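Chemist: Residue numbers (this note's numbering): 76 to 341. Using N, Cα and C, we set each Cβ at its ideal position, and we do this for glycine too. Because the structure is a prediction, the values reported are computed rather than measured. One structure coming up, written as structure tokens, with questions to follow.
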Amino acid sequence: MPFDLPAMTLRARVVRKKSIRLRDIVPPQTFATDLFRESYLPIVDIWQRASLRIIAEYERAISEQTTDSPADVQREIDAADGEATRLFLLLDARVRDWVLRTERWFRGRWRGAVLSATGVDLDTLLGPEAVRASLETHISWNVDLVKDVSAQARKRISDAVFDGLRTRAPARDVAARIREATGMARDRARRIASDQLTKLTSSLADERRREAGIADWEWKHSGKRHPRVDHKARDGKEYSDNKPPPEMPGQLPYCGCRQLAVLKFD
76 MPFDLPAMTL RARVVRKKSI RLRDIVPPQT FATDLFRESY LPIVDIWQRA SLRIIAEYER
136 AISEQTTDSP ADVQREIDAA DGEATRLFLL LDARVRDWVL RTERWFRGRW RGAVLSATGV
196 DLDTLLGPEA VRASLETHIS WNVDLVKDVS AQARKRISDA VFDGLRTRAP ARDVAARIRE
256 ATGMARDRAR RIASDQLTKL TSSLADERRR EAGIADWEWK HSGKRHPRVD HKARDGKEYS
316 DNKPPPEMPG QLPYCGCRQL AVLKFD
């Protein structure tokens, strides 16, 4: 339920400043590692294990050159895809558990930041219900992303195998392409998990701020080595819901910027 934190702060203490800025809440990367290991890595591992069987079947196909060779290789690819599909049945629960853990952590940090800055304890006012729609969105989003990682791995492996069969490419060349495909899947999954942690916590920061009746906030740059120039230029600048920037912190792909809520008093 929405509440007016600025008004609650004025009732709780004497405020001599025109504004109070809440401290930065930086999510630990261990949360991203957990998401990667629990939800993305099992799918990558399926294709990693299957690649050994697919390479072996390709080597046999090249050496024997029978009419059944393409079907035999396809059978191994389909078997891996079937294993991934069965794992998808567990995916929603795994992602849901991670999202709820992350929300609980953020809620605790938000409560602490508010208490430290204003003296107001929001313990009885904060709950997951206020951000439930956002949580469900991020659960569905991650489930789709895991499936996409699997689909891309399958496509790259299939392309390597059947291009190789068509051109009679040496097995070592096809094996290198397959290993590259699984490596790309692993690297992409790591990047996605890190970005999804930012996306979720950015969404929670925005929703908790609005829930508290705070319209103003400061842009906090991520400090990444290769930043977006316009994002770096926004560092330290204040914005409001009435005059927002073109996009919110953390909204664009792999953006690590954050927002710091600013309570203003007339």
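1) If we count the other Cβ atoms within 10 Å of its Cβ and call it buried at 16 or more, is P77 buried or exposed?
2) Can you name, in chain order, every residue of its own chain whose Cβ lies under 7 angstroms from the Cβ of V218, other than the five neighbours on each side?
3) Can you have a look at D291 and say buried or exposed, based on whether 16 or more other CB atoms are within 10 angstroms of its CB?
4) Return the chain-ordered list of same chain residues with a C-beta closer than 6 angstroms to the C-beta of G194, the five sequence neighbours on each side being excluded.
5) Using a threshold of 8 angstroms, state whether the C-beta atoms of A383 and A256 are closer than that.
6) Under 8 angstroms, do D109 and W173 count as touching if we go by C-beta distance?
7) On the criterion of 16 or more Cβ atoms from any shown chain inside 10 Å, does Q123 qualify as buried, or is it exposed?
8) Locate the alpha helix (DSSP H) running through D291, then write down its first and last residues.
9) Which stretch, first to last residue, makes up the beta strand (DSSP E) that contains R91?
10) Would you say S126 reaches chain C, if we count a Cβ-Cβ gap shorter than 8 angstroms as a contact?
11) Among S191, S277, V224, E286, which residue has its Cα nearest to the Cα of R202?
12) Where are the beta strand (DSSP E) runs, 3 residues long or more, that stay fully inside the region 119-159, in chain order?
13) Between which two residues does the beta strand (DSSP E) containing S315 stretch?
14) Going along the chain, which residues of its own chain have a beta-carbon closer than 6 angstroms to the beta-carbon of A192, five neighbours each way excluded?
15) Rounded to whole angstroms, what is the Cα-Cα separation between I121 and G298?
16) Let me know the secondary structure DSSP gives L279 once reduced to three states.
17) Which one of Y329, M323, E313, T276 has the shortest CA to CA distance from P302?
18) Any idea if L127 is buried or exposed, counting beta-carbon neighbours within 10 angstroms, 16 or more meaning buried?
19) Which same chain residues, not among the five before or five after L275, have their C-beta less than 7 angstroms away from its C-beta?
20) Can you tell me where the alpha helix (DSSP H) with K222 in it begins and where it stops?
Modeler: On the basis of the data shown:
1) Your numbering for residue 77 matches position 2 in the sequence shown. P77 comes out exposed.
2) Taking the first residue of the sequence shown as position 1, residue 218 is located at position 143. So the qualifying residues of the chain are L166, D167, V170.
3) The residue given as residue 291 occupies position 216 in the sequence shown. Result: buried.
4) Against the sequence shown, residue 194 aligns to sequence position 119. If we look at G194 and ignore the five residues flanking it on each side, its Cβ neighbours are A87, R88.
5) With the chain covering only 76 through 341, there is no way to say anything about residue 383.
6) The residue labelled residue 109 in the question sits at position 34 within the sequence shown. The residue labelled residue 173 in the question sits at position 98 within the sequence shown. Yes, the pair counts as a contact, with Cβ atoms nearer than the cut-off.
7) As a first step, residue 123 must be located in the sequence shown, where it is residue number 48. Classification for Q123: buried.
8) Within the sequence shown, residue 291 is the residue found at index 216, counting from 1. Premise fails: D291 lies in the beta strand (DSSP E), 291-295, not in any alpha helix (DSSP H).
9) Taking the sequence shown and counting its residues from 1, one reaches residue 91 at position 16. It is not in any beta strand (DSSP E) - R91 carries neither H nor E in the DSSP assignment.
10) Absent here is chain C; the protein component of the structure consists of one chain.
11) In the sequence shown, residue 202 corresponds to position 127, counting from 1. For the record, residue 202 in the displayed sequence is Gly; it is not Arg. Closest option to G202, Cα to Cα, is E286.
12) Listed in chain order, nothing qualifies, since the region 119-159 has no complete beta strand (DSSP E) run of 3 or more residues.
13) Against the sequence shown, residue 315 aligns to sequence position 240. It spans 313-315 - the beta strand (DSSP E) in which S315 sits, taken as one unbroken run.
14) If you number the sequence shown from 1, residue 192 lands on position 117. Taken in chain order, the residues that qualify are I95, L97.
15) Here residue 121 is taken as the residue at index 46 of the sequence shown, counted from 1. Here residue 298 is taken as the residue at index 223 of the sequence shown, counted from 1. Within the model, the alpha-carbon separation for I121 versus G298 is close to 35 angstroms.
16) One-based indexing of the sequence shown puts residue 279 at position 204. Note: L279 maps to helix in three-state DSSP.
17) Position 227 of the sequence shown holds residue 302. The shortest Cα separation from P302 among Y329, M323, E313, T276 belongs to Y329.
18) Residue mapping note: residue 127 aligns to position 52 of the sequence shown, counting from 1. Burial call: exposed.
19) Translated into the one-based positions of the sequence shown, residue 275 becomes position 200. V174, T177, H213.
20) Locating residue 222 in the sequence shown gives position 147, where the first residue counts as 1. In the DSSP assignment, K222 falls within the unbroken alpha helix (DSSP H) covering 207-242.
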